[in-house]
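So the sequence shown is numbered by the numbering used here: it starts at 28 and just counts up by one. Report on one structure; see the data block that follows.
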Amino acid sequence: MVHVLSSRTLLRPTDPERSRAFYGEKLGLAVYREFGTGPERGTVYFLGGGFLEVAGRSETPPSPAVKLWLQVADAAAAYEELAAAGVEVLRPPVKEPWGLIEMWIADPDGTEIAVVEIPADHPLRYRP
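Pasting the structure below:
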């Protein structure tokens with residue numbers, strides 16, 4: 028069995044500077060580490076219990092099968108903040124039938140990102 032010590036999602040954007048501006052400035056993700064030099068240097072951001080590495084360059088956008096899931100304390104507040112920052116909001120926060128409050132945004136390459144609030148009474152937080 029593989030004993031995983033850490034993990035991260037790797038993105039190879041079509042425009043690394045644009046993606047760094049999105050994740051670092053618009054989303055406001057904190058930087059874990061940076062490496063390399065020049066326009067294709069790498070930046071690793073904290074994602075709560077994981078990491079997001081934006082490094083290198085791709086000639087084509089990522090597959091639409093790739094999605095990110097970010098948990099926030101308040102989806103409505105996140106919506107206001109992200110919309111004001113010019114982030115493309117695909118769908119504002121909605122309470123889903125499964126009880127989570129979900130909003131969908133997209134990064135500059137179109138990678139869809141679920142911004143999720145888990146209500147206090149949801150089974151992910153509380154089990155009777």
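Even glycine gets a Cβ: it sits at the ideal position worked out from N, Cα and C.
Local conformation of residue i per DSSP, three classes
| i | result |
| --- | --- |
| E123 | coil |
| Y59 | strand |
| A48 | helix |
Option in the options with minimal Cα separation from residue i
| i | options | result |
| --- | --- | --- |
| A103 | R39, G69, L38, W131 | W131 |
| S61 | D42, G69, A110 | It is worth fixing the name first, because residue 61 is Glu in this sequence and not Ser. Of D42, G69, A110, the residue nearest in Cα terms is G69. |
| E67 | L74, G76, P43 | P43 |
| L74 | G126, S34, E115 | S34 |
| I128 | P91, L151, G76 | L151 |
| D134 | G63, G65, K94 | K94 |
| E108 | P40, L54, P124, V121 | L54 |
| L56 | E123, G65, G63, S46 | S46 |
| G77 | P89, V58, P88, G63 | V58 |
| D148 | T64, A112, W125 | W125 |
| T41 | D136, A112, G113 | D136 |
Per-residue burial, residue i [other beta carbons within 10 Å of its own, 16 or more giving buried]
| i | result |
| --- | --- |
| Y106 | buried |
| Y72 | buried |
| T138 | buried |
| S85 | exposed |
| P91 | exposed |
| L117 | exposed |
| V121 | exposed |
Within the chosen definition, does the segment 86-105 reach the segment 141-151 through at least 3 CB pairs nearer than 8 angstroms?
yes
Tell me, please, whether the segment 39-59 touches the segment 79-98 by the rule of three or more beta-carbon pairs shorter than 8 angstroms.
yes
Entirely enclosed beta strand (DSSP E) segments - the segment 64-113, minimum 3 residues
69-74, 77-81, 94-99
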